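According to the numbering used here, the sequence shown is numbered sequentially starting from 4. Every residue gets a Cβ at the ideal spot worked out from N, C-alpha and C, and that includes glycine. Quick caveat: nothing in here was measured; it's all calculated off a predicted structure. The structure appears right after this line, and notes come after that.
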Amino acid sequence: MSEETKKSFKEDFKERVSQIKKTRWVRFALVAILYTAWVAWMGSWWLLIFLFLLFDIYITGYIPFTWWKKSKSGVTRTVMSWVDAIVYALILVYFVFGFVGQNYQIPSSSLEKTLLTGDYLFVNKMTYGPRVPMTPVHFPLVHNRFPEFMGGGKSYLEKPSVKYKRLKGLRDVESGDIVVFNFPAGDTVLVNSQSTFDYYQLQQLYRDGISVGVNPVNAEKEYYPVDRRENYVKRCVGLPGERLKIVDGVIYIDGKAQAQPENVQFNYIVGTNGHAITDAEWDDLGVSQADRFMLSPAAHEGSMLYYMIVYNGLTPNQVATSPYYLVPLTQEMVEKLQARGDVTTLRKASPVEIIGRMYPFSISEGWDRANYGGEEGILIPKKGMTIPIDERAWAIYERPIRVYENNPTATFKNGKLYIDGEPRDTYTFDMDYYFMMGDNRDNSLDSRYWGFVPEDHIVGTPWRVLISFDGEKGGVRWDRIFKDANPDK
Numbered sequence: 004m005s006e007e008t009k010k011s012f013k014e015d016f017k018e019r020v021s022q023i024k025k026t027r028w029v030r031f032a033l034v035a036i037l038y039t040a041w042v043a044w045m046g047s048w049w050l051l052i053f054l055f056l057l058f059d060i061y062i063t064g065y066i067p068f069t070w071w072k073k074s075k076s077g078v079t080r081t082v083m084s085w086v087d088a089i090v091y092a093l094i095l096v097y098f099v100f101g102f103v104g105q106n107y108q109i110p111s112s113s114l115e116k117t118l119l120t121g122d123y124l125f126v127n128k129m130t131y132g133p134r135v136p137m138t139p140v141h142f143p144l145v146h147n148r149f150p151e152f153m154g155g156g157k158s159y160l161e162k163p164s165v166k167y168k169r170l171k172g173l174r175d176v177e178s179g180d181i182v183v184f185n186f187p188a189g190d191t192v193l194v195n196s197q198s199t200f201d202y203y204q205l206q207q208l209y210r211d212g213i214s215v216g217v218n219p220v221n222a223e224k225e226y227y228p229v230d231r232r233e234n235y236v237k238r239c240v241g242l243p244g245e246r247l248k249i250v251d252g253v254i255y256i257d258g259k260a261q262a263q264p265e266n267v268q269f270n271y272i273v274g275t276n277g278h279a280i281t282d283a284e285w286d287d288l289g290v291s292q293a294d295r296f297m298l299s300p301a302a303h304e305g306s307m308l309y310y311m312i313v314y315n316g317l318t319p320n321q322v323a324t325s326p327y328y329l330v331p332l333t334q335e336m337v338e339k340l341q342a343r344g345d346v347t348t349l350r351k352a353s354p355v356e357i358i359g360r361m362y363p364f365s366i367s368e369g370w371d372r373a374n375y376g377g378e379e380g381i382l383i384p385k386k387g388m389t390i391p392i393d394e395r396a397w398a399i400y401e402r403p404i405r406v407y408e409n410n411p412t413a414t415f416k417n418g419k420l421y422i423d424g425e426p427r428d429t430y431t432f433d434m435d436y437y438f439m440m441g442d443n444r445d446n447s448l449d450s451r452y453w454g455f456v457p458e459d460h461i462v463g464t465p466w467r468v469l470i471s472f473d474g475e476k477g478g479v480r481w482d483r484i485f486k487d488a489n490p491d492k
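Right, dumping it as structure tokens:
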């Protein structure tokens, strides 16, 4: 038996520690401080047990994580050095994306001109406090599904799952903030659906007898947990406990009209004296190709463009003899068009909605995107707030009560709320909720269509535009690199 095997654990431990260079002690101390600070932030002190693992990785080396460094095979050392680097990088990315922030792409024009389609943002999760990952076992570089070349399956495991918890942030969500959040109605998604409507809108349209091309009840569906649902970005216009209504496009909070964001846009009907406005002129004005439509006399009856023509006091003959356009415009863009000599018609377009699209579906008859909430407006739920539940309240708060606050047995019958079979006259909310809207007001699917955003769906707030690609003209928008992503705050 050799001298080495006769050493006691205590002697072996002392020898290993004595051989560690000072620089490695410094590295361990820095990592230990950062890890301890993270544990304190998490508020879960039992996690300190993993300090022993870090101590072994940096100092004692009893667990042979680096066995490959002693391999006689050059191939093994090369391959494992890459594996080691990749694993460390993925762990770092996991923690940065989970607790600090991550990149996010703007896929649509709902916040145009504040944020543009093709912007890549860095979303700061520390402002409102990051959520502890609710589906902790997931691949950190994709959201909910692997790309097709990697198999296309789900990029996470549904179990284990963690109950919602948000770490302390710098501040709460404020009115006017641009917020990234998980799409609340994105828990159920139709497979291979190309519809702009979500699953619940399609359900309502199908029940109303409106053709949507598919029976959503029987179609193939997938289900996503909260933090794996698609990311949306909108502006917060209503806070917990506030009462919101919209009149002629103006948002009222607790009866007080709110100032419009600088870049807010509304749809306008623009007509000329016969001169067609060129693509270059629209580009100079700042109207993207995706957002400009020429009203066509060939629009078939029943189509959206046909309704746009009729509801705006025009006729197919008028749009056949002179160009008319439907475009979203800011006030500055309106003033530029007013200065043109060839523009003869310039007025806000009448809102045209498909029956059953506004939230909540059952009581929103007569509401549209410019006039929303009825006479009373809609009260946005606040944590700890208790409200009486009647038929109207049930219509508004059924989804928050049943789905977001996990009361699947909740029903409303005979004028009373029942949860787990017990009758209740009131309900007390467990979470805060928010009302989100896009700045491109007439071209944004937002809370007017799918309801409140629960606090556990909040991801963070955009900090800077990292880079921006112009999908229409091609190339990089160099003037947007590192631009403030929330300029109105």
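Straight-line CA distance for residue 246 to residue 106?
33 angstroms
When the distance is taken between beta carbons, is residue 461 closer than 9 angstroms to residue 176?
yes
For residue 99, name the three-state secondary structure that DSSP assigns.
helix
Any contact between the region 146-153 and the region 416-426? By contact I mean 3 or more CB pairs, one from each, below 8 angstroms.
Because the criterion of three Cβ pairs below 8 angstroms is not met, the region 146-153 and the region 416-426 do not touch.
Counting pairs of beta carbons, one from the region 108-125 and one from the region 285-298, are three or more of them closer than 8 angstroms?
yes
Please go through the same chain and pick out, in chain order, the residues whose beta-carbon is closer than 6 angstroms to the beta-carbon of residue 127, but skip the five residues on each side of it.
Result list for residue 127: 104, 463, 464 and 466, in chain order.
How big is the Cα-Cα spacing for residue 481 and residue 470?
8 angstroms
Report the start-end ranges of each alpha helix (DSSP H) in the region 188-213 that is 4 residues or longer and not cut off at the edges.
202-210
For a quick check, are the C-beta atoms of residue 133 and residue 172 less than 9 angstroms apart?
yes
Is the separation between the beta-carbon of residue 203 and that of residue 224 shorter than 9 angstroms?
no
Starting from residue 224, follow the beta strand (DSSP E) in both directions and report where the run begins and ends.
224-226
Kindly give me the distance between the Cβ atoms of residue 27 and residue 61, rounded to whole angstroms, as I take these residues to be in contact under 8 angstroms.
The Cβ separation is near 6 angstroms, so the contact holds.
Using 9 angstroms as the threshold, is the C-beta distance between residue 377 and residue 387 below it?
No, these two residues do not count as a Cβ contact at 9 angstroms.
Considering just the uninterrupted stretch of the beta strand (DSSP E) at residue 324, what are its terminal residues?
Note, residue 324: premise wrong, no beta strand (DSSP E); alpha helix (DSSP H) at 319-324.
Which residue wins for smallest C-alpha separation from residue 310, given the options 427, 400, 353 and 396?
For the set 427, 400, 353 and 396, the Cα lying nearest the Cα of residue 310 is the one of 353.
Locate the beta strand (DSSP E) running through residue 122, then write down its first and last residues.
Annotation for residue 122: the continuous beta strand (DSSP E) segment containing it runs 122-127.
Is DSSP giving residue 460 helix, strand or coil here?
helix
Given residue 429, which residues of its chain have a CB within under 7 angstroms of its CB, disregarding the five upstream and five downstream residues?
Contacts found: 389, 390, 391 and 392.
Within the chosen definition, does the region 225-237 reach the region 178-191 through at least 3 CB pairs nearer than 8 angstroms?
yes
Tell me the DSSP bridge mates of residue 408?
Residue 408 has no beta-bridge partner at all, per DSSP.
Considering only C-alpha positions, which residue in the set 46, 30 and 63 is nearest to residue 22?
63
Thinking C-alpha only, which one of 312, 331, 335 and 336 is nearest residue 325?
For the residues 312, 331, 335 and 336, the minimum Cα distance to residue 325 belongs to 312.
Check whether the region 82-92 touches the region 445-452, taking contact to mean three or more Cβ pairs, one atom from each stretch, closer than 8 angstroms.
No, the region 82-92 is not in contact with the region 445-452.
Check the C-beta distance from residue 372 over to residue 444 and give it rounded, since I have them as a contact under 8 angstroms.
7 angstroms
Have a look at 278, 195 and 398 and flag the residue whose alpha-carbon is nearest the alpha-carbon of residue 361.
398
If you drop the 5 nearest sequence neighbours on each side, which residues of the same chain put their C-beta closer than 6 angstroms to that of residue 255?
The answer, listed in chain order, is 248.
For the pair the region 263-273 and the region 210-220, tell me if three or more CB-CB distances fall below 8 angstroms.
no
Name, in chain order, the residues that DSSP records as bridge partners for residue 465.
Its beta-bridge partners are 126.
If we ignore side chains and look at the alpha-carbon of each, how far apart do residue 44 and residue 119 end up?
35 angstroms
Taking the straight line between their C-alpha atoms, what separation do you get for residue 502 and residue 457?
A question about residue 502 goes unanswered here, because the residues of the chain that appear run from 4 up to 492.
Can you tell me whether residue 80 is buried or exposed, with buried defined as 16 or more other CB within 10 angstroms of its CB?
exposed
So which of 476, 178, 170 and 473 has the shortest CA-CA distance to residue 262?
178
Taking residue 136 as the reference, which of 442, 99, 121 and 153 has the closest Cα?
99
Considering only the beta carbon of each residue, do residue 411 and residue 400 sit closer than 9 angstroms?
no
Start and end of the alpha helix (DSSP H) containing residue 25?
25-45
In the DSSP assignment, the alpha helix (DSSP H) including residue 330 goes from what residue to what residue?
DSSP places residue 330 outside any alpha helix (DSSP H); the residue lies instead in the beta strand (DSSP E), whose first and last residues are 327-332.
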